[in-house]
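Protein chains in written order, with my numbering: chain A, 703 to 940; chain B, 703 to 940.
All C-beta atoms in this analysis are idealised placements derived from N, C-alpha and C, irrespective of residue type, glycine included.
Number of protein chains: 2
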Amino acid sequence: MTEQGATTFQHEVLAAVFTIGRDLHGFASLKVLLWQRAQWPDAGRWALPGGAVRLDETVDDSMSRQLAEKVDLAGVSHLEQLGVFSAPDRVPAGPGRPARVIATGFLGLVPSGVTPSLPEDTDWETVDRLSPIALDHGRIIDRAHDRLRAKVSYTNLAFGLAPAEFTLAELAGIYRAVLGHDIDPSNLQRVLGRRGMIETVGRTAPPGASGGRPAALYRFTTADLTVTDPFAAFRPPS
Amino acid sequence: MTEQGATTFQHEVLAAVFTIGRDLHGFASLKVLLWQRAQWPDAGRWALPGGAVRLDETVDDSMSRQLAEKVDLAGVSHLEQLGVFSAPDRVPAGPGRPARVIATGFLGLVPSGVTPSLPEDTDWETVDRLSPIALDHGRIIDRAHDRLRAKVSYTNLAFGLAPAEFTLAELAGIYRAVLGHDIDPSNLQRVLGRRGMIETVGRTAPPGASGGRPAALYRFTTADLTVTDPFAAFRPPS
DNA sequence: GTAGTTATCGACCTGTAGTCGAAAACTACC
DNA sequence: GGTAGTTTTCGACTACAGGTCGATAACTAC
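Written out as structure tokens, the structure is:
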């Protein structure tokens with residue numbers, strides 16, 4: 703247990719921030735916030751927002767601070783750590799660059815409809831069809847997408863992607879965009895309703911152009927993103 | 703996006719390694735690997751094994767390397783990242799110590815029965831009754847325990863705590879030690895059996911001193927810890 | 001052989017979720 | 001106003017996973 707000399711690392715934070723946008727056909731589609739690198743390495747490629755951690759802040763505080771430079775922070779409804787990415791060669795050494803940078807990856811969510819103004823180099827890109835991603839940021843996006851898929855099905859994390867009020871069809875579209883397969887709105891209502899996650903507002907959405915019965919508006923019951931996981935197996939005896 | 707001067711941090715890894723031991727009454731009990739600090743700060747308190755990350759290794763490699771100094775690494779059946787602990791004051795600055803140390807916390811598992819020889823200052827301590835823990839290591843233990851409890855109920859992670867062959871009563875004891883409440887061995891068999899997680903060996907354990915039918919021996923089917931999560935809701939349509 | 005002990009299996013019940021079709025509530029057109 | 005078309009909503013039905021409990025099996029000790 704001899705005290706080492708000061709082997710130190712630069713530490714950066716990187717967030718894969720998702721939101722729900724529209725694809726060419728108007729269907730809900732999962733998007734991720736990216737900016738286009740201007741400098742070496744990987745100039746021209748899409749990269750995740752983030753940056754170096756300062757001396758007086760936690761990695762979580764740092765992530766919030768750096769995201770605020772890209773999007774309105776009030777629009778970010780959820781932010782959680784994903785893991786540490788620390789391959790020695792994940793960022794190539796170069797002039798004015800430290801030899802090693804350790805990164806803490808985050809998963810972020812922005813509700814559908816909250817499309818804040820973005821800087822010039824920044825945009826929402828469709829997750830399904832991403833051009834090559836800078837450095838190891840593609841790995842972080844994949845891990846974030848995996849985490850999102852998993853949690854959406856057993857927590858109320860979809861709250862982070864849904865607008866304040868929504869119809870069941872809209873919510874089913876969000877689930878479809880995240881999970882990659884169709885969701886029956888009828889089943890969604892019963893499942894989330896019984897879990898106590900959603901409740902009706904009492905009003906209906908304006909009817910669509912193609913007619914049809916106007917849809918009731920719903921909201922999520924919990925304002926905060928307290929994760930309520932209803933694992934079935936091995937509960938305490940009653 | 704101006705390139706900062708080199709703000710760097712020491713980075714350490716810390717593992718909460720659990721195993722199954724026996725309590726005073728012979729019941730299965732969850733233990734965590736700790737060593738007693740000799741120096742400031744928090745001299746005399748129990749602390750998690752770990753240490754500084756070197757320049758040429760990932761945090762995961764570093765964790766494995768540092769654990770090998772405490773226990774036989776072959777005995778560690780599972781090791782996964784928990785999260786980053788980065789409060790600016792989590793490690794007090796002092797003579798010969800950097801002002802800030804960022805830590806990556808890990809959850810580790812050692813199977814019951816594999817009790818390798820330990821260094822003088824190191825021992826397995828009962829998780830339920832821990833004396834005050836050094837620095838923020840108590841937080842890491844709590845987070846690791848939470849993660850373990852959650853994953854044990856919807857994955858095959860108990861494999862990491864169980865011996866190669868076991869009876870259902872033994873396995874139920876492991877689950878009870880982890881979850882903190884009784885588990886019906888009968889139900890455990892049906893649930894894990896249907897999930898394809900366990901299978902019978904074909905032999906029986908030697909009967910106990912107090913008589914009774916000899917118990918069949920089981921093993922986990924998957925040698926590796928591939929996590930198979932059978933979340934029920936929102937599956938793809940068939 | 002009989003009592004005591006432990007393990008195993010099956011029956012039964014409950015709760016959750018997928019599927020599907022009927023009814024409700026609207027628009028558009030004649 | 002009536003009819004066809006569209007979309008939502010609700011309920012019935014089914015399948016399946018898991019908790020509970022009692023009966024039976026397989027042993028030891030006397």
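- DSSP places I842/B in the uninterrupted alpha helix (DSSP H) bounded by H839 to Y856.
- Here DSSP, grouped into helix, strand and coil, assigns D884/B to coil.
- DSSP places L716/A in the strand class (E or B) of the three-state scheme.
- D825/B has L736/B as its beta-bridge partners, per DSSP.
- Taking D844/A as reference, the option from L809/A, T857/A, P821/A and I876/A with the minimal CA-CA separation is L809/A.
- If you ignore the 5 residues before and after P834/B, its C-beta comes within less than 7 Å of the C-beta of R747, all in its own chain and listed in chain order.
- From the listed residues S888/B, R767/B, F711/B and A871/B, the smallest Cα separation to P790/B is found for F711/B.
- Within the model, the alpha-carbon separation for G785/A versus T906/A is close to 42 Å.
- As DSSP reads the structure, F787/A sits in a beta bridge with A805/A.
- For the stretch 756–768 of chain B, residues whose beta-carbon sits nearer than 8 Å to a beta-carbon of chain A comprise R756, L757, D758, E759, T760, V761 and D762.
- A straight-line Cα-Cα distance of about 27 Å links R915/B and N858/B.
- Counting along the chain, no alpha helix (DSSP H) covers L775/A, and no H or E run does either.
- With a threshold of 16 other beta carbon atoms within 10 Å, P813/B meets it and is buried.
- Excluding residues up to 5 positions away in sequence, P751 and T824 lie with their Cβ nearer than 6 Å to the Cβ of K772/B in the same chain.
- Per DSSP, reduced to three states, the secondary structure at F729/A is coil, with no helix or strand assignment.
- Among the residues of chain A, none has a CB under 8 Å from the CB of G810/B; the nearest is roughly 16 Å distant.
- Closer than 7 Å at the C-beta level to chain A, one finds these residues of the stretch 778–797 of chain B: Q783, G785, V786, S788, A789 and P790.
- Rounded to the nearest angstrom, the gap between the Cα atoms of L781/B and E822/A is 42 Å.
- With respect to the 9 Å criterion, S788/B and A801/B are not classified as neighbours on the basis of their beta carbons.
- Under the three-state reduction of DSSP output, R724/A falls in the strand class.
- Chain B has a Cβ within less than 9 Å of the Cβ of T806/A.
- Interface residue (Cβ-Cβ distance to chain B less than 9 Å): Y920/A is not classified as such.
- Residue pairing from DSSP places L811/B in a beta bridge opposite F720/B and H780/B.
- Look at the stretch 862–888 of chain B: the residues with a C-beta under 7 Å from a C-beta of chain A are Y877, L881, H883, D884 and I885.
- Note on geometry: alpha-carbon atoms of H839/B and V793/A lie some 30 Å from one another.
- Counting along the chain, the unbroken alpha helix (DSSP H) around L769/A starts and ends at V761 to L769.
- For L757/A, there is no enclosing beta strand (DSSP E), as DSSP gives it neither H nor E.
- Counting only the Cα atoms, F720/A lies some 29 Å from P909/A.
- The shortest CA-to-CA distance from V816/A to any of Q738/A, A917/A, Y920/A and R724/A is the one to R724/A.
- With respect to the C-alpha of V715/B, the residue from G807/B, R937/B and L775/B having the closest C-alpha is G807/B.
- Distance between I885/A and Y856/A, taken at the CA atoms: about 15 Å.
- DSSP places F861/A in no beta strand (DSSP E); its state is neither H nor E.
- Interface with chain A (9 Å Cβ-Cβ cutoff): L750/B is excluded.
- For S940/A, the number of other beta carbons within 10 angstroms of its own is below 16, and it is reported as exposed.
- Note: F936/A is not bridge-paired with any residue in the DSSP secondary-structure output.
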